[in-house]
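K.L.:
Using my numbering, the letters of the sequence shown map in sequence onto residues 1 to 262.
Structure in structure tokens, see below.
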Amino acid sequence: MNTHLLVSDAEHFRIDYEINPYMDTGNQPDGRAAVAEHDAIVEAHRSAGRTVERMPSAAECPDMVFTANAALVRRGRAVLGRPPTARANETDHYRRWLEGRGFEVLEAPYAFSGQGDALPCGDVLLAGYGRRTDRRMHEFLHRSLGYDVVPIRTVDARWYDLDLAVAVIGNPHTLAWCPEALDRPSRQRIVRLGLELIEVSRDEAEHFALNLVSDGDTVTMTRDAPRLAATLRDRGLRVVELPTTELAKGGGGIRCTALTLG
Ligand code: ARG
């Protein structure tokens, strides 16, 4: 899991608009620091043995560093994301890249945050709705990609994408999650899955603790969540902690910058 990733770059990363509560046009990322931060993440993926493909960002797309929202990909098929209007001009770039790589690309019929709201866990897909993803997407994802969809709703805009509130850690399946970020029926649905669950505090989750990439052996995560990092190490995982202060200004972290291709 997560062994083949698509990333972009932070060359054009800026805060031109505010579409989540972390973004503030008065608090711009430092260009050089952002590029360095992103390069270090890519390097960490490669050191963990993951294959990373890079797609250049476009100047008119200040959020393109967050490739996770581009699509949801499974077995050679990609369902494109359908993002808020401010990010709409990213979609053509992703469509072309994915088609050029031979993926069968499907358009999303409704609002869809791509992998930001869709966390695969074996054949189960934990799928967010009610913020960036229309619930009607769930049936579409079931039919087009074959997942058993578990609908999950977050309780406020801090968790505008599900990958800020829940993370798949590994095999046999373990999830890390911030229960407070989810409504009660969603919490019950997660508990009923019978997976191993690691609880993360609201404070660490707000610092992008759960916005991590795990391949089941190595977890690449922010350095701003030492309690989760320690818990994962206690469970025998290799944990690599990296600075994410610049990405945080866009409301994202490490998971948001990598679209899983395989
Ligand atoms: N500024 C971006 C937005 O609001 C951040 C996206 C982060 N991606 C994610 N998968 N959570 O769309």
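Just so you know, even glycine gets a beta-carbon here, dropped at the ideal spot from N, CA and C.
Since the structure is predicted, the reported quantities are computational estimates derived from the model, not experimental observations.
CB-CB under 8 Å to A44, same chain, minus the five flanking residues each way: which ones, in chain order?
P.N.:
Along the sequence shown, read from residue 1 onward, the residue named residue 44 stands at position 44. Excluding positions up to five away in sequence, the list reads T220, V240 and L242.
K.L.:
Return the chain-ordered list of same chain residues with a C-beta closer than 6 Å to the C-beta of E196, the five sequence neighbours on each side being excluded.
P.N.:
For the purposes of this step, residue 196 is taken as the residue at position 196 of the sequence shown. Hits under 6 Å: T174.
K.L.:
Only counting the same chain, and skipping five residues up and downstream in sequence, which positions put a Cβ closer than 6 Å to that of L232?
P.N.:
Reading the sequence shown from its first residue, position 232 is the one you call residue 232. Cβ within range, chain order: V219 and V239.
K.L.:
Between the stretch 81-100 and the stretch 52-62, do at least 3 Cβ pairs fall closer than 8 Å?
P.N.:
Segment contact: the stretch 81-100 against the stretch 52-62, three or more CB-CB distances shorter than 8 Å; contact assigned.
K.L.:
Can you give me the start and stop residues for the beta strand (DSSP E) that A167 sits inside?
P.N.:
For this step, residue 167 is matched to residue 167 along the sequence shown. Taken as a continuous stretch (DSSP letters only), the beta strand (DSSP E) holding A167 covers V166 to G170.
K.L.:
Can you give me the C-alpha to C-alpha distance between N20 and V35, rounded to a whole angstrom?
P.N.:
In the sequence shown, the residue the question calls residue 20 occupies position 20. In the sequence shown, the residue the question calls residue 35 occupies position 35. Per the coordinates, the alpha-carbon of N20 lies some 22 Å from the alpha-carbon of V35.
K.L.:
Look at the Cβ atom of T154, then the Cβ atom of L182, and state whether they are nearer than 7 Å.
P.N.:
Against the sequence shown, residue 154 aligns to sequence position 154. Against the sequence shown, residue 182 aligns to sequence position 182. Closer than 7 Å, so yes.
K.L.:
Would you check if the distance between the CB atom of T222 and the CB atom of T244 is smaller than 7 Å?
P.N.:
By 1-based counting over the sequence shown, the position of residue 222 is 222. By 1-based counting over the sequence shown, the position of residue 244 is 244. Yes. Within cutoff.
K.L.:
Hey, quick one: how far does the alpha helix (DSSP H) through H142 stretch, first residue to last?
P.N.:
Your numbering for residue 142 matches position 142 in the sequence shown. That run of the alpha helix (DSSP H) goes M137 to L145.
K.L.:
Which value, in whole angstroms, describes the spacing of the CA atoms of K249 and D16?
P.N.:
Position 249 of the sequence shown, counted from the first residue, corresponds to residue 249. Position 16 of the sequence shown, counted from the first residue, corresponds to residue 16. Roughly 11 Å between the two C-alpha positions.
K.L.:
Could you say which of E37, I169 and S113 lies nearest to L162 if we only look at CA atoms?
P.N.:
Residue numbering aside, residue 162 sits at position 162 when the sequence shown is read from its first letter. Among E37, I169 and S113, the Cα nearest to that of L162 belongs to S113.
K.L.:
So, S144 versus V79, is the Cβ gap smaller than 7 Å?
P.N.:
Within the sequence shown, the letter at position 144 stands for residue 144. Within the sequence shown, the letter at position 79 stands for residue 79. In contact: S144 and V79 (Cβ atoms closer than 7 Å).
K.L.:
Would you mind sorting V166 into buried or exposed? The rule is 16 or more other CB atoms within 10 Å of its CB.
P.N.:
Residue numbering aside, residue 166 sits at position 166 when the sequence shown is read from its first letter. Buried: at least 16 other Cβ atoms inside 10 Å.
K.L.:
Taking DSSP as the reference, what is the three-state secondary structure of I41?
P.N.:
In the sequence shown, counting from the first residue as 1, residue 41 sits at position 41. DSSP, reduced to helix, strand and coil, places I41 within a helical segment of the structure shown.
K.L.:
Can you give me the Cβ contacts of E37 inside the same chain, cut-off strictly under 8 Å, excluding the 5 residues immediately before and after it?
P.N.:
Here residue 37 is taken as the residue at index 37 of the sequence shown, counted from 1. Same-chain partners within the cutoff: A10, L242, P243, T244, T245, E246 and L247.
K.L.:
By the 10 Å Cβ neighbour count, where 16 or more other Cβ atoms means buried, how is S47 classified, buried or exposed?
P.N.:
Stepping through the sequence shown from its first residue, residue 47 is reached at position 47. Classification of S47: exposed, given that the 10 Å Cβ count is below 16.
K.L.:
Can you have a look at D117 and say buried or exposed, based on whether 16 or more other CB atoms are within 10 angstroms of its CB?
P.N.:
As a first step, residue 117 is located in the sequence shown; it is residue number 117 there, counting from the start. D117 should be labelled buried.
K.L.:
Near L5, what residues of its chain come up, given a Cβ to Cβ distance below 8 Å and the 5 sequence neighbours on each side ignored?
P.N.:
In the sequence shown, residue 5 corresponds to position 5, counting from 1. Excluding sequence neighbours, L5 sits near H45, R50, T51, V52, E53, V213, A258, L259, T260 and L261.
K.L.:
Between N279 and I254, which are expected to be in contact by the criterion C-beta below 8 Å, what is the C-beta distance as a whole number of angstroms?
P.N.:
Within the shown structure, residues of the chain are numbered from 1 to 262, placing residue 279 beyond reach of any answer.
K.L.:
Sorted by chain position, which residues of the same chain lie with C-beta nearer than 6 Å to G252's C-beta, five sequence neighbours on each side aside?
P.N.:
Position 252 of the sequence shown holds residue 252. Only F66 meet the Cβ criterion.
K.L.:
Given G130, which residues of its chain have a CB within under 7 Å of its CB, disregarding the five upstream and five downstream residues?
P.N.:
As a first step, residue 130 is located in the sequence shown; it is residue number 130 there, counting from the start. Counting only residues of its own chain and dropping the five nearest sequence neighbours on each side, G130 has a CB closer than 7 Å to the CB of R153.
K.L.:
Is the beta carbon of T3 sitting closer than 7 Å to the one on D148?
P.N.:
As a working mapping, residue 3 is identified with position 3 in the sequence shown. As a working mapping, residue 148 is identified with position 148 in the sequence shown. It is not a contact, given that the beta carbons lie outside the stated cut-off.
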